[in-house]
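Have a look at the structure below, then the notes.
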Amino acid sequence: MKDVKSRNAAPGKQGGLNAEIQSRIGHQLRAMYDDVVRQGVPDRFAELIRKLDTPEGNAQLGAAGDKNDGRE
Amino acid sequence: MPLTDSLRDDILASVPSLRAFAISLSGNGDRADDLVQETLLRALANIDSFQPGSNLPAWLFTILRNLFRSDYRKRRREVEDADGSYAKTLKTQPAQSAHLEFEEFRLALEKLPQDQREALILVGASGFSYEDAAAICGCAVGTIKSRVNRARSKLSALLYVDGAEDFGPDETVRAVIGGSGG
C-alpha cells in the first residue's frame, strides 16, 4: 500500500488508470461489502418477516404500504 | 404475486447484501439497518407488484435505494455536518490496521457524489450487471458505465494520488498500515 502510494504520488498522476490501483480498489470495495454480507441475517430481520407473515402482520403491512415513513 | 414460502426465503436471503448496500450508501450501521427494515416492510406490503420470475434482489435494491434517496434529502436539511461528525468518531478509534485501511477506504467512498457511489457499489460489489444497475438507478446503461468510471478514477485520486494532505492517514496510522505490509 505504501509502495503504491508513493509511486503514484509522482508527476504525471492521472495518465490513464493504473490497473494495479484499480484492482486494489475493487478488492477493497468487495472486502468492505463482503464483511457485512458475512454477518448473515440479524435476528431482528428474521423475526420481522416471521411476524409479518401472519394475518395480524398482514394488516400491519397494509398500513406500512400507505405511509411514507412509519418509524419517525 | 402472493408471498409464498420460497419468496419469503428469497427475501430473507437478500438481507445480507441489502445491509451491505445500505451501509455502503449511508456509512452508518444503525441507519443502514433502519433502511433495510423499511425496505422489507415496503417490499412485503407491495409484494403483489413483484413480477414472478423477475430479479428479486434488483427489485429490493431499487426499493432500498429510493428510500435512501428520500431519507437523505430529508436529513440533509436537518443535519448539516452528518459526514463530518462521522469522520471524527472514526478518527478517534484506535484499531487494527486492516480496520483502519477499511475506514480510510470508506471515507473516500463517502466523498464520492451519491450517483457515482451507488453505481460503483452496485456493479463493483453487489455484482449487478450494468443493465440491472441502470434499472435500479432508473438511468441509461451508458450513464451507469460513466458513473462507475468516474467513481473509480476519483477513488484512485483520493486514495493513491493526491489525497495525501487532506485525506491521508496521520503518522501513527501510516506506520500501522505500513507495518502490515498491505
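Residue numbers (the working numbering), protein chains in the order written: chain A, 386 to 457; chain B, 311 to 492.
Don't be surprised by glycine CBs; every beta carbon is placed ideally from N, CA and C.
Element boundaries [alpha helix (DSSP H), containing A:ASP420]: Sequence index remark: in the first sequence, residue 420 of chain A carries index 35 (1-based). Where A:ASP420 is concerned, the enclosing alpha helix (DSSP H) stretches over 404-422.
Going straight from the alpha carbon of A:ALA362 to that of A:GLY411, what length do you get? Only positions 386 to 457 of chain A appear in this structure, which leaves residue 362 of chain A out of reach.
Roughly how many angstroms lie between the CA atoms of A:VAL426 and B:LEU366, to the nearest whole one? Residue mapping note: residue 426 of chain A aligns to position 41 of the first sequence, counting from 1. Residue mapping note: residue 366 of chain B aligns to position 56 of the second sequence, counting from 1. The straight-line gap from Cα to Cα measures roughly 17 Å.
Measuring CA to CA, which of B:ALA467, B:LEU468, B:LEU370 is closest to B:LEU432? Position 122 of the second sequence, counted from the start, is the residue given in the question as residue 432 of chain B. Among B:ALA467, B:LEU468, B:LEU370, the Cα nearest to that of B:LEU432 is on B:LEU370.
Endpoints, alpha helix (DSSP H) assigned at B:GLN361: Along the second sequence, one-based indexing puts residue 361 of chain B at 51. For B:GLN361, there is no enclosing alpha helix (DSSP H), as DSSP marks it with neither H nor E.
Distance between beta carbons of B:SER327 and B:SER436, contact taken as under 8 Å: In the second sequence, residue 436 of chain B corresponds to position 126, counting from 1. In the second sequence, residue 327 of chain B corresponds to position 17, counting from 1. Sure, about 6 Å apart at Cβ, within 8 Å.
Please name the residue in A:ARG429, A:GLY442, A:LEU414, A:LEU446 whose C-alpha comes closest to that of B:ALA343. Here the question's residue 343 of chain B lines up with position 33 in the second sequence. A small correction: the amino acid at residue 343 of chain B is Asp; Ala does not occupy that position in the sequence shown. Among A:ARG429, A:GLY442, A:LEU414, A:LEU446, the Cα nearest to that of B:ASP343 belongs to A:ARG429.
Which of the three DSSP states, helix, strand or coil, is assigned to B:ALA450? On the second sequence, position 140 is the one that residue 450 of chain B refers to. The answer is coil: DSSP assigns B:ALA450 none of H, G, I, E or B.
For the segment 323-338 of chain B, enumerate the residues whose C-beta is nearer than 7 Å to any C-beta of chain A, in chain order. Hits within the stretch, in order: VAL325, PRO326, SER327, ARG329, ALA330, ILE333, SER334.
If we ignore side chains and look at the alpha-carbon of each, how far apart do B:ILE321 and B:THR314 end up? As a working note, residue 321 of chain B is residue 11 in the second sequence. As a working note, residue 314 of chain B is residue 4 in the second sequence. Between B:ILE321 and B:THR314, the C-alpha separation is close to 11 Å.
For B:ASP319, the three-state DSSP class (helix, strand or coil): Residue 319 of chain B sits at position 9 when you count from the first residue of the second sequence. Residue state, collapsed to three classes: helix.
Rounded distance between the beta-carbons of B:LEU469 and B:LEU422, thought under 8 Å: On the second sequence, residue 422 of chain B is found 112 positions in, with the first residue counted as 1. On the second sequence, residue 469 of chain B is found 159 positions in, with the first residue counted as 1. Distance from B:LEU422 to B:LEU469 at the Cβ level is roughly 11 Å; contact not present, criterion being Cβ atoms closer than 8 Å.
So B:VAL346 is in the alpha helix (DSSP H); what residue range does that whole segment cover? In the second sequence, counting from the first residue as 1, residue 346 of chain B sits at position 36. Bounds of the alpha helix (DSSP H) holding B:VAL346 are 339-355.
Just checking: is the beta-carbon of B:ARG318 within a distance shorter than 8 Å of some beta-carbon in chain A? Here residue 318 of chain B refers to the residue found at position 8 when the second sequence is read from its first residue. So, interface residue.
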